[in-house]
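As C-alpha cells, the structure follows; a few thoughts come after it.
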Amino acid sequence: MYNYNDFEKKWQTKWKEENIGVSNRDETKPKFFLIWAYLTVSGFHHVGHMRGYSYADAVCRFKRMQGYNVLLSAGGHASGNGAVSKALKVKENDSDTIEYYKSKGLTKENLDQISTPEGFVDFFSQMYVKDYISYGYLVDDRRFTVTTYPDYQKFIEWQFRKLKEKDLLVQKPYFATACVKCGPVAVDPSEMDLSKGGNAEKQEFTIIKLKFEKENQFILVATLRPETVYGQTNIWLSSEEEYVKIKSGDETWIASKDFYEKIKYQVDNLELLGQSFKGSELLGKYVTPPIINREIIILPSSFCDPKIGTGIVTSVPSDAPADWMGLYDLQRSKEECDKYNLDFETIKDIKLIPIIKSKDFGDFPAVEICENMKINSQKDTEKLEIAKKEVYKKGYHTGVMSEVCDEYAGLKVEVAKDKIKQKMIDENNAFIFYDLSEEVLCRCSSPVVIKRIDDQWFIKYSDKQLTEKTIEYVKEMSILPDSFKKNLPNVLNWFDDRACARQGTWLGTKLPFDPSYTVEPISDSTLYPIYYLVSLYVNQGRINVEQLTEEFFDFVFLGKGNSIEVAKNISIDINILENIRKDVIYWYPLDINLGGKEHQTVHFPTFLMNHVAVFEKNFYPKGIFVNWWVVSNGGKISKSKGGVGSIGSEAEKYSVDAIRLFYANIASPFVDITFEEEDLKTYKQRLERIFVFIENIISSNEFKEDLKETELDRWFESKFNLRLQTIIESMEKIEFKAATDEIYFNFYNDFSWYLKRGGINKKVIFSVLKKWILTMGLFTPHTSEELNSLVGNKTLVVKQTFPEIEIEKINLSLDDKEKNVEKMISNLRNVIKLSGLEKINKISLFVSESWKYVFYSEVIAELEITKNVGQIISKFISKYPDNKQEVSKAIPKLLKQPMSKENIKTQEEDYNFLISIKDFLELTFNTSIEIIKAEESDNEKAKSATPGKIGFLVE
RNA sequence: GCAGGGGUUCCCGAGUGGUCAAAGGGGCAGGACUUAAGAUCCUGUGCUUAGUGCUUCGCAGGUUCGAAUCCUGUCCCCUGCACCA
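Here the first sequence stands for residues 19 to 973, numbered as in this note's numbering.
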C-alpha cells in the first residue's frame, strides 16, 4: 500500500535525526553550495514556491549522493514595508485580515504575535522552516537568517561601506514613486506595497509655459511630444472643469487643481492663488507659446482630463488625431462655436501646419489616419488612441522635421525632440514633470505620487568598469536557461544607477554614514549567500552582534588583517574567528543561485555586480538557475490571491513526492506551468503504480536464485545502465524532465518488458532494482527511502552513493536485438490486422534461405566500392543464375535502405533466436507458432524472407 | 521603442541535419481483470497497405544527396523594462 502520508513524516524525522541537512566544513570532500533566492516574509508559502525549491533539492540530493559536501541554505527577506503594513492590519483588528488568518488556523496567541512587524517576521519565518522540512528539503536551517535581524544589518552596513570605499555610491536628485503619507513605495505588478495601480508607468511630460495676458503669467500645457511645438494652432481645455492659479516665485501658472496636487511634490515653494475658476472663462482668449512666439487661441474640447498632465493640452492637429478631430468638430459647426461665444470665421481660418515628414504619410498624418480609420468625432476615443500610437510610432522612428522648424529643419524627430525640449528648459520656458499613467494607491490607501528627492543615494551600476567586468565574467558562468545567459549582457548594459535607500519608516538597515536613509529591499539582498557562513555562528551564540565589526567582516570575507589582532580587538576566541574564515574559504564561491524568472532583470544583475564590486574573482558566483512560474488562470499564483490550497493540504491530497515529480516532469523548468488537479493525480498514480510494482516484485516467489545469466538478463542490465547514463548526463546538465522520464517512465517500461519476456533471475532483478530505487531519491525521496527499506536496505538512500554506470554491461547489439523483437511483434500485429482474419489459428515464421545471407553480405561489400546498380546487378546475376529475379530486386533496395554488415547474422543464428523467443511469442499472440527455414517450405511468404526480415504467414 | 522568448501530430510537451510519422504523458477508442466503479494491464489513435507507399512539425521561399531541425522573408503569440526577492 502506498501510504505516503505515513511514511513521509517517518523519513523526514529520520533525516532530521541523522542530521542530513546539516552541513559543516569538511576539507576531505568537495563542496557544493546552493541557495534559493530569499522569500519575502509576507505570508504563507504556496505551491508555486515549491517548484524552485524542489529543483534546488533535487540538484543538492544528486550532488550529495555523488560525494559532495552540500550546503543548501535559506533565509527570509523582510526589509521594506510588507511586514509593517500587514502587522498593522492585525493590530487594527481589520476583520478581513483576522478572518483570513483564522481560516489558516492561526490561534489567538499567533494573532497577538503577528500584530507587530517583528512578531510577524518571526512567526512566518519559523513557519517557512517547518515548510521546508514538510516537503523534505534538506536545508541547513541552523543558518536561517532574516534581513531585518540586527546581525544581518551589521553585514549590510559593512557591504555599503565597501561600496562607498569603491566610489560606487553616489548622490543625486531622483523622482521616486511615493505615497503621500508613507513615503517611497514600489510601483510594480506584484503590488507588494500597493492596494491599486501596480501596472502604472512613470511618464515624463514636458510642461510648456505659454504666456498669457500678463508678464510672468503662464498657462501650462503638458506634452509627451515637445518637438511638435511648431505645429501648434490652438490649445484645448475643458469648459466645465475647474482650474487654479499657482504661484511659483514671481510667476503665476494656470493649470488644473489635480496638477497642483502632484507638482507640489516635485517643485518646491508653490502656493495656490485665489479661487479656482471654470475653463469656460478662458475660452476665445489667446496665449503665446515659446519658440514660435505667435498667438494661438484657447478652445474647448471634451478630451481634456484634469487628472492628466496639467488638464490643458496644446493642439497640433497636423500630427495629433485627437487635436485634428477637436478642431474639425468646431470648424464644421457654427452652432458649436456659438455655444462658446467663438467667432466661427476665426475658427474656420485656422490652418494646419506641416511639421513632420514621415514614411507612409503626407503633410498631415492626423488627417490621413482619421480618414483611413473612419474617425468622425473627438468622442471616438478608442480609435483615436490607436491612431495616436500609430502616428507617433511612425513619426518618431521615420520622421524628419520640416522646413518650418527653423534650425531643426531636416533633423530626425528622435534627435529634434530632445534638442527642442532642452532649449525650452534652458530658456526657462518649460520644465519636466513626472506622472503615473494611472491612479496608484498605497497599501494605506493614500495616493501615490512622484516625489523629487534631492540627495538620493544610488548604487552606481552604470559604472563602466564594473559593468564590463561583470559582462566578461558572465561568459564563464553556468547559467540556465541559455536564453538568460545570452540576454544577461544586455540586461547588465541596460542596468542604470539604482536608488538604493529610502527615507521612511521601513524595516531595514540604516546607511551607516547617513542614518536618515534605510537601505532598500533589493539592495540589501545581493551578497547574502556569504552571510549564511556567519549567521551559523551568530545563531549558535558563538559570536554576538557587537563583534560583527567592519574589521571582522574584512577579515573573514576579504582576508584583511590578521586573526590575532582582530580577535583581540573584538574580544573573540581566535579559534572561532579562524573557523569562520576557513568556512568562508571552503564554501565560497556560491555554486548556484536559484530563483524565479522575476529575478532576471533585478536581483540577478545586482547579485552579480555586487559580488564583482566587493570580492576578488575567486569569490564570484559560479552559476544561476532561473525557473519559471506556477500560474493559475493566466496569472501568477500569489500568496494573497489564493487559487489552490495550502501547501499542507495539497501535500496531503497528492503526496509531497507527486508534487515534486510533477514539477520535475510536467515540462521544462523554463516555461510557466499550471497547477492542475488532473496532472497531480496522474503523477500520484504513477508513483503508486511504481510502488506497487516494486512491492510485488519484492514479495514474488517466481524469481530464481543461482541462475545463469541469459541474454535477456544481460539486456536488462544493459538497458538499466543505458538509462542510468542518460539520467546522470541529464542531472549534470540540470535537465529534470529528461532524468525523470527515464526513471519513472522509460525504465519502468523496460522492467515490465523484461518480466513479460520471462525474466526471472532474482540476483539480476534485485541488483538492478536497488539501484533504480536509489535514482528515485533525487525527486521522490520519501518514496525512495520507503522502497529502499522495503527491499531490505538498512542504509538511508541519502547516505548512499548514486549508482555508477557499469560501462562493461552496456551492450548495444543486445539492445538492437530486443528492439527487433518489438518491431517484429508490431509488424506481425499489423499483418494480422491487415489479414482481416477473425481468428488466428497458426503463425508461421520463415527464416530467410541461407544463400541470401552470403549474397547480402557480398552486395553490401560491393556497395562500398561502387554505387552503379546496373553493374552490380549484372555481376550478381551471373553469380546466382538460379535467382535472377531475387537478385535484381534486392540490390536497388539495399542501395535505398542500406544495412550494416553487423546486422547480417547467419541463418542458424536467426533461427535459434526465434526458437528462443517462441514461447514468448505464443503467449503474446495466444496461438501456436511454427518456425521454418525457408528452404523447407514452398509457401511464397517463405521466399519473401530476407536476412534481417522474417517472413510471416498468418492463417 | 529597447531587450529577449516562442509557434510540433486531439491536448500538454520532448525533439536542433539523416536511425522522425516524430519520446513520454494525458485524452479518446477497443479488449482483459472486476458483481460494479476506480485502479491496473494490453492494443490502437495522420492517410493508406499482408508488414507498402503517401502527406505532415505557423506560412512562403532557399541551402543540402537529405530539414521539424540551418538560412531569408512573412504572419501570429508571449515576457521584462527599474526600486518589486
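Yeah, the Cβ is synthetic: ideal placement off N, Cα and C, and Gly gets one too.
Local conformation of residue i per DSSP, three classes
i	result
F449	strand
D276	helix
C388	helix
M627	helix
C200	coil
P372	coil
V649	strand
T115	helix
C460	strand
Q889	helix
P307	coil
N21	coil
R704	helix
T793	helix
T485	helix
S785	helix
W524	coil
V205	coil
Closest residue to residue i among the options (Cα-Cα distance)
i	options	result
I548	L90, W29, Y86 and K781	L90
F62	S121, V40, R79 and Y86	S121
Y992	N447, V331 and E564	Outside the shown range of the chain (19 to 973) lies residue 992, about which nothing can therefore be said.
L1034	V239, G810 and V816	Summary: the structure shown does not reach residue 1034, with the chain confined to residues 19 through 973, and so no result is reported for it.
Y170	F571, K835, I497 and T942	F571
S875	V108, A908, I281 and K902	A908
L498	I610, F230 and Y555	I610
C355	S257, L290, A340 and L370	S257
V877	E867, S866 and K893	K893
M83	K841, G795 and I890	G795
R160	F142, A92 and V385	A92
L852	K841, R732 and E973	E973
Q189	D532, T924, F797 and D75	D532
I642	D731, S543 and W54	W54
Cβ pair residue i, residue j closer than 8 angstroms
i	j	result
L705	L742	no
I949	K936	yes
T241	I226	yes
F754	P687	yes
G94	Y56	yes
I310	M343	no
I861	I947	yes
F738	W790	yes
L212	I253	no
R461	S103	yes
Y150	V139	no
S333	T224	no
E720	I778	yes
A676	S152	no
Local Cβ density within 10 Å of residue i, reported as buried at 16 or more and exposed below that
i	result
K774	exposed
D276	buried
V239	buried
F295	exposed
G652	Its pLDDT being 45, under 50, G652 is placed unreliably by the model, and the measurement read from it follows with that caveat. Result: exposed.
V422	exposed
I825	exposed
S658	At S658, the pLDDT of 40 sits below 50, so the modelled position is not reliable; the number obtained from the coordinates is stated separately. Counting Cβ neighbours within 10 Å, S658 comes out exposed, since fewer than 16 surround it.
R312	exposed
P965	buried
K866	First, the amino acid is wrong: residue 866 is Ser here, not Lys. When all chains shown are included, S866 counts as buried.
Proximity test, residue i beta-carbon vs the ligand ZN heavy atom, cut-off 7 angstroms
i	result
K109	Only the bare structure without any ligand can be found here, which leaves the ligand ZN out of the picture.
request  = Specify whether the segment 693-700 and the segment 40-52 touch according to this definition: at least 3 beta carbon pairs, one from each stretch, less than 8 angstroms apart.
outcome  = Verdict: no, contact absent.
request  = Decide if the segment 803-820 is in contact with the segment 757-767; the criterion is three or more beta carbon pairs, one per stretch, under 8 angstroms apart.
outcome  = Segments in contact, no.
inquiry  = Using a Cβ distance threshold of 8 angstroms, determine whether the segment 526-541 contacts the segment 594-606, with at least three qualifying pairs required.
reply    = No contact exists between the segment 526-541 and the segment 594-606.
task = Indicate whether the contact test is met: 3 or more Cβ pairs, each with one atom in the segment 274-288 and one in the segment 437-454, closer than 8 angstroms.
result = The count of Cβ pairs closer than 8 angstroms, one atom from the segment 274-288 and one from the segment 437-454, reaches three, so the stretches are in contact.
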